[in-house]
Every structure is written in structure tokens, then in C-alpha cells.
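The sequence shown: position 38 = 1434 (my numbering), numbered continuously. First comes the structure, then the notes that go with it.
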Amino acid sequence: MARSIVAVIPGDDAAPEAMAAAMGVLGQLDVPVDWDVLPPGAELSRLDATDREAFVHEHIDAADTVLFGSTNGTTPGVAHMRWGRRTYANVRPIRWRPGYRSPLAQPEGIDYLIVRENLEDAYVGIMGDAAALHRAGLVGPKARLAYEGEGRYAAKVITRAGTEAVARFAFALARRRRAAGHPGKLTVSAKTNMLPKTDRWFCDIVREVGQDHPDVELDQYIVDDMAHRLVLRPHELDVLLLPNLYGDVLSDEGAATIGGMGLAPSGCYGDDFAYFESAHGTAPDIAGQGRINPTATLLSAVLLLEHLGLGDAARRLDEAVTRVYAEGSVLPVDQGGAAGTEAFADAVAAALA
Ligand code: ATP
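Given below as C-alpha cells:
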């Protein structure tokens, strides 16, 4: 089998501790991968910002895919992988496993995927002084916005092409889920009532795309109802498609329902590139303490291995994580245990079948 090159970018604050531990486990898998491990942000910061960016981008572009730790802005690369390489679908699995410290009374069986549109919506970077809205004639006595003094705005942009692309991705994912024994149902959610031009249109386009996928059941909820359902009826979800900003917020809520950000992996997919990163931030409050939970990084690596077609290795790693949590004697601190980052990763490595 041809070997793949994976750039490993450890990131900042506590993220490199999780990455180092995860790499120890990945090293045990014996997969046809050349791991190109870059230095953590603390070392990269010796380069000036331009050189640092050029260095990281060069390694990303030379790789087949990337395993990325979180960044506090010191480690560059995310904008390049996201907007530069057009990774428009951010997949965030929310799956409870025995041993995860969920705050819910009945977390058994929670198992769904959030697909977050990853490029548009409020994240297009179009922001400015609200005086521009005045100049465009959008502010005034007949408009909802009437103000004196300072104001700022941020634009929310939804495009047909961007929505169709992520909708097709989500429907295909729902079909694959059904083939793997899941319900294979798609749910879409946005603020359709207050934002008809953007959010209702997003859902309407998803419905249009759905006409090519009549075998996939499609549900739709207003996003505030969705936030409520993630806590009260999470078992009804299979694939949940959301515009960018709601996807960002609700995926942290989903992670909380199974036990927190330490358990939240993600993969960002485009038509010809994908990269993988934990959904949590750099956890600066626990940096240097050797207690960051590496599960999110390990499960992001599971998604990466699947993406590379290394399904057996992905399954072995996934099952090893499941086994360590189910066994319960070596649990990370955020899951109520006493195991540091390395000790937990060592237990996962030892549990590899
Ligand atoms: P960002 O804005 O980049 O998302 P943040 O500071 O808002 O960063 P996190 O870095 O995810 O968010 O941290 C939120 C809280 O969750 C912190 O208390 C952090 O220590 C904790 N946390 C995040 N990831 C982990 C992890 N892998 N293991 C243990 N605790 C974590």
C-alpha cells in the first residue's frame, strides 16, 4: 500500500501535550504513514510571523492530510487549511461511551454527527463600522436599526453553491451511516423564522438537495429548539446539519452532553483536502500540568485514519479508547479520574488489540 504523509502540527498552550501523547499511541499502530511532526507553537514563535506561516503552509501543502492541535493564534495554518483549501464541511461526532462523565441521566446511545458548514455565514470576515450601513441607506426611521453614536456590524453570508456543497456532503454521510447500521436520518436547523433571507433559504436549499436523496429522512427545527433538543432528546439525532456559527456553538453543547470538550474530535473536509483537529481550544488554564485529556486528539486521529483508507487501524484505535473508558481504572482528570495525559495515552496504547 502506498505510504501517506501526515503533517502533525502540535499547536499552542496545552495542545502539544495532548498531541505528544497521541503520537505515542499512533506510533504503536504500524500504519503506512510518514508522520511529519512540526514543532509546537512555543518553538515556532522564534520565527517571525511571515516565516512561520510560510514554514507551516509548506508542510501542510506537502502532506496528504494534517493532524492539528489547537491554536491560540501563535501556530498558523488553520485559515490556510480551511479557506485556502476550501474544507467546507466540519464533522463533529457526538458519541457517548461507557465511562464518559456525562451530566445527563441517560447518555446511553447518544451517537450523532454534527456537520457544520465551515466557510460562510458569520465567519466570512466582513465586518466594519455601522456607518457603512447608514451610507447604504439601511438604517433609519423605517428600519429596525436606529442608533446614534458608534456602531459595528458583521455580515452573515450564505451562498447557494456553499450550501449545496455541504448539503450534498451531509446527505451522503447520512447514507453511509445507514449502510453502517445507523438510522441514516438528516436534521437541519437554523433561525428560519427571524432570518428568512439567509437561514430559511439555507434550509430550503437543503430540502432541494434532498430531492436527489429521497431515501434519507429530513427533519427541520428552529435553532433555539435544536439547542433544547440536544439536551432533552439527543437520541433522536443521527446527522445534524447547521450553518457555521450555530454549528460552532451547538457542537460545544453537544460535547458537554457526553462529558465535555476533552472528548470532542473533528474533521474538516473539502473536495480534495481534509484535516483533523480536536474541537476544543488550547486549554491555557491547564497548560504545563500534564493533565489535558488527549481523547479528542486520539479520536480525531481515528477520523484521519479512516480518511486515509486505514479502516482497520482506525477501528483498533477507536476500540482501544472505548475499552479504557469502559474498564474505568485509568481515566483522565476531566472525566473524574486521576490519570495524567501520558498515563491515559499509555493505557490506550496497551489496550490496542
Ligand atoms: P477556544 O476559544 O480556542 O475554543 P477556550 O479557552 O474558549 O478556547 P478551551 O481551550 O476548549 O476553550 O477550554 C475550555 C475549558 O475546557 C477550559 O477550562 C479547558 O481547560 C477545558 N478543556 C478543553 N479541552 C480540554 C481537554 N482536552 N482536556 C481537559 N480539559 C479541556
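Quick reminder that beta carbons are idealized off the backbone N, C-alpha and C, glycines included.
Asked: Coil, strand or helix - Phe1669 by DSSP; Found: coil
Asked: 6 angstroms CB neighbourhood of Val1553 in its chain, flanking five on each side removed; Found: Glu1516 and Val1520
Asked: Whole-angstrom C-beta distance between Arg1564 and Val1605, which should lie under 8 angstroms; Found: 6 angstroms
Asked: Helix, strand or coil at Arg1512 according to DSSP, with G and I counted as helix; Found: strand
Asked: Tyr1508 beta carbon less than 8 angstroms from that of Asp1620; Found: no
Asked: Same chain, Cβ closer than 6 angstroms to Asp1408, neighbours up to 5 away in sequence not counted; Found: Gly1437, Thr1467, Asn1468, Thr1470, Thr1471 and Thr1678
Asked: Three-state secondary structure (DSSP) of Tyr1721; Found: helix
Asked: Asp1460 - DSSP class collapsed to helix/strand/coil; Found: coil
Asked: Asn1689: CB within 7 angstroms of a non-hydrogen atom of the ligand ATP; Found: yes
Asked: Val1698 burial status per 10 Å Cβ neighbour count (16 or more: buried); Found: buried
Asked: Cβ-heavy atom distance, Gly1733 to the ligand ATP, below 7 angstroms; Found: no
Asked: Cβ separation of Gly1643 and Glu1513, assumed to be a contact under 8 angstroms, to the nearest whole Å; Found: 7 angstroms
Asked: Where Gln1685 sits in the DSSP three-state scheme; Found: coil
Asked: Cβ-heavy atom distance, Ile1654 to the ligand ATP, below 7 angstroms; Found: no
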